[in-house]
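For reference, the structure is listed below as structure tokens.
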């Protein structure tokens, strides 16, 4: 009985917001010692709102979620928000967003905090995914963790000593823009041979289409209705699972390139665990196995011996969980 | 008068040992708030002693330096030792040494501590150089710092939040073995296209000799006495300073390769400052300028804006200062 009471008093409520290019998702999350539960949820389409209207929507929905918690007699400790772009974490300024226009140098913390009347923290989404995996997911129990998200872009979050490592300009973790070929093709970032330039979504497709145009045999060809631009990663994924050698090779090469860049990360940081998530990660073992093999081949043996490379536990929920967890992580820091 | 007394009481003595492939150097170091002074020094040639005899020599000389301090009425807080190899920092085990045979899995801490009767800490030499530069040298006042040493090999030390970052197997910082060409030449580490494979001392010379053999014009040719193997980095350095285009190009290319790998480090860690030291660093601006330019070209602008890339302050003394400082750094941690 006594223990039950303690458990209840150890519960902490926060609100997590995953501000994505397509949807803004908000959740009231209850945390206890080693777990969490989403107890309220709300979402809206990003593209329907300009900047000010979107902030207004956030305020309305945060206040509503806060009220749900108050109804249950619990105080909400704060709001954590993850955004797809670089953020001044200390001040709460969003510098710029990928795929959402009109968000240059916006102080989102100052815009929200006076209205929602609880502390607001803003961070980069990849950092928060890493935090979620580190606190409750695939890297739970590990002190350090590198989290990679593979999708349109290749992002990364770094957890060192249980905390998000952000770098001096809040720009750390750009694993996608580490080069694997000094004289490789030019990347949108200005660098050359960045790994994202090889295995960001569109580049995987571009390379597959180039080979198909060149006459390569593949079962995906039948699904294109004569248009190469109809090719999707899902087609390559499903064909590879059905043993299409063309598609299997594509995924092996994705794993090979990613393995080369992760070997760099391993030699530099000697981490305990690397968590791989994002859309591309759905191809799972198709590229995870070749990737693990390449990391072992290329990186220092001693750094590979205790290294785990695992798929993320939370797929599309990582952002919201990480955002909610940020409020508590930050309190612990102080 | 009162302030003077406080200053004296703030002084702390430690012993630093730089266990190198050629010399073992030992120093009694006095630290105060923001500075240090070497107050006793001793050294011997590494190759004259086998493992046990070398440990014995260390004991004798540490006790002697300790006595010098006691004579002055000051207690020595401990001994820090830097070695050229990987070390289990927690236990004080030397796993292996580069260029010194007979040192596999030696618990140097346990071998010394009962005899010298003060705490002994053992760490990798690149970590300790980074610590020295971070506490008192080129990176003084910066929270995070990446330190690169360019010589026979290319090593690195990482300071995060004023502390050495070692990784889970004490193997972090292997900047020399980050790849700049996924399909590049095989490196002794097992990787491919590691930056050390291009600009470790012997590879710089190999490349220069290859070009000379191929008929390249250069003022260094006159100094070779007909033998290409007589070529040294000092010759290339001095010729470049006298405007020999061949030698200038060699150093520019060293800077270019190093710049590509540092751009990777910058995109991953977004550090405030990078300190470059080691033998090759003597070529100074000859490669530092091209290197800085390439980092700016390749890495994220925002991460370059506040980034400093500077030459190390302590050249061959960094090891001993870092070793001595380790004793205090470790006390602060606890």
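Protein chains in written order, with the working numbering: chain A, 1 to 334; chain B, 335 to 668. Cβ coordinates follow ideal geometry from the N, Cα and C atoms, glycine included. Treat the numbers as computed from the prediction; the structure is a model and nothing was measured.
Residue i in three-state terms, based on DSSP
{"i": "residue 321 of chain A", "result": "helix"}
{"i": "residue 215 of chain A", "result": "coil"}
{"i": "residue 667 of chain B", "result": "Low confidence applies here, because residue 667 of chain B scores a pLDDT of 45, under 50, leaving its location unreliable and the question unanswered by this model."}
{"i": "residue 404 of chain B", "result": "helix"}
{"i": "residue 626 of chain B", "result": "helix"}
{"i": "residue 311 of chain A", "result": "strand"}
{"i": "residue 52 of chain A", "result": "helix"}
{"i": "residue 36 of chain A", "result": "strand"}
{"i": "residue 423 of chain B", "result": "coil"}
{"i": "residue 364 of chain B", "result": "strand"}
{"i": "residue 564 of chain B", "result": "helix"}
{"i": "residue 100 of chain A", "result": "coil"}
{"i": "residue 616 of chain B", "result": "helix"}
{"i": "residue 287 of chain A", "result": "helix"}
{"i": "residue 224 of chain A", "result": "coil"}
{"i": "residue 316 of chain A", "result": "coil"}
{"i": "residue 517 of chain B", "result": "coil"}
{"i": "residue 242 of chain A", "result": "coil"}
{"i": "residue 506 of chain B", "result": "coil"}
{"i": "residue 337 of chain B", "result": "Note that residue 337 of chain B has pLDDT 40, beneath the 50 cutoff, so the model's placement of it is unreliable and the number below is only indicative. The answer is helix: DSSP assigns residue 337 of chain B an H, G or I state."}
Continuous alpha helix (DSSP H) stretch holding residue i: start and end
{"i": "residue 582 of chain B", "result": "579-603"}
{"i": "residue 455 of chain B", "result": "It is not in any alpha helix (DSSP H) - residue 455 of chain B instead sits in the beta strand (DSSP E) that spans 454-458."}
{"i": "residue 76 of chain A", "result": "Not the alpha helix (DSSP H): residue 76 of chain A falls in the beta strand (DSSP E), residues 76-83."}
{"i": "residue 522 of chain B", "result": "Here residue 522 of chain B belongs to no alpha helix (DSSP H), and DSSP marks it neither H nor E."}
{"i": "residue 442 of chain B", "result": "442-450"}
{"i": "residue 636 of chain B", "result": "635-639"}
Residue j beta carbon less than 7 angstroms from that of residue i
{"i": "residue 118 of chain A", "j": "residue 76 of chain A", "result": "yes"}
{"i": "residue 662 of chain B", "j": "residue 455 of chain B", "result": "no"}
{"i": "residue 277 of chain B", "j": "residue 402 of chain B", "result": "Because residue 277 of chain B is not part of the residues shown, which for chain B are 335 to 668, the question remains open."}
{"i": "residue 195 of chain A", "j": "residue 295 of chain A", "result": "no"}
{"i": "residue 266 of chain A", "j": "residue 303 of chain A", "result": "yes"}
{"i": "residue 462 of chain B", "j": "residue 416 of chain B", "result": "yes"}
{"i": "residue 144 of chain A", "j": "residue 271 of chain A", "result": "yes"}
{"i": "residue 535 of chain B", "j": "residue 527 of chain B", "result": "no"}
{"i": "residue 336 of chain A", "j": "residue 218 of chain A", "result": "Outside the shown range of chain A (1 to 334) lies residue 336 of chain A, about which nothing can therefore be said."}
{"i": "residue 176 of chain A", "j": "residue 154 of chain A", "result": "yes"}
{"i": "residue 46 of chain A", "j": "residue 17 of chain A", "result": "no"}
{"i": "residue 399 of chain B", "j": "residue 349 of chain B", "result": "yes"}
{"i": "residue 62 of chain A", "j": "residue 116 of chain A", "result": "yes"}
{"i": "residue 643 of chain B", "j": "residue 626 of chain B", "result": "yes"}
{"i": "residue 239 of chain A", "j": "residue 254 of chain A", "result": "no"}
{"i": "residue 316 of chain B", "j": "residue 364 of chain B", "result": "Any property of residue 316 of chain B remains undetermined from this structure, which presents chain B solely from 335 to 668."}
{"i": "residue 21 of chain A", "j": "residue 99 of chain A", "result": "yes"}
{"i": "residue 634 of chain B", "j": "residue 585 of chain B", "result": "no"}
{"i": "residue 484 of chain B", "j": "residue 612 of chain B", "result": "yes"}
{"i": "residue 446 of chain B", "j": "residue 428 of chain B", "result": "no"}
{"i": "residue 313 of chain A", "j": "residue 138 of chain A", "result": "yes"}
{"i": "residue 617 of chain B", "j": "residue 645 of chain B", "result": "no"}
{"i": "residue 512 of chain B", "j": "residue 264 of chain A", "result": "yes"}
{"i": "residue 538 of chain B", "j": "residue 565 of chain B", "result": "no"}
Where the beta strand (DSSP E) through residue i begins and ends
{"i": "residue 512 of chain B", "result": "That residue, residue 512 of chain B, is in no beta strand (DSSP E); it is neither H nor E in DSSP."}
{"i": "residue 13 of chain A", "result": "12-19"}
{"i": "residue 473 of chain B", "result": "Residue 473 of chain B -> no beta strand (DSSP E), and no H or E assigned at all."}
{"i": "residue 480 of chain B", "result": "479-484"}
DSSP beta-bridge partners of residue i
{"i": "residue 43 of chain A", "result": "A:25"}
{"i": "residue 499 of chain B", "result": "B:492"}
{"i": "residue 276 of chain A", "result": "A:148 and A:311"}
{"i": "residue 195 of chain A", "result": "None, per the DSSP bridge assignment."}
{"i": "residue 428 of chain B", "result": "B:421 and B:440"}
Practice task
Would you list, in chain order, the members of the stretch 265-277 of chain A that have their beta-carbon closer than 7 angstroms to a beta-carbon of chain C?
Solution key: Considering every chain present, this structure includes no chain C. Its protein chains are A and B.
Exercise for the section: Could you tell me whether the stretch 123-131 of chain A touches the stretch 316-323 of chain A, where touching means 3 or more Cβ pairs closer than 8 angstroms? Expected result: Judged by pairs of C-beta atoms under 8 angstroms, the stretch 123-131 of chain A touches the stretch 316-323 of chain A, as three or more such pairs exist.
Problem - Given 8 angstroms, three or more beta-carbon pairs between the stretch 491-507 of chain B and the stretch 418-426 of chain B - result: Between the stretch 491-507 of chain B and the stretch 418-426 of chain B, the count of C-beta pairs closer than 8 angstroms reaches three or more; the two stretches touch.
Practice task
Could you tell me whether the stretch 128-141 of chain A touches the stretch 48-67 of chain A, using the rule of 3 or more Cβ pairs below 8 angstroms?
Solution key: Short answer: they don't touch.
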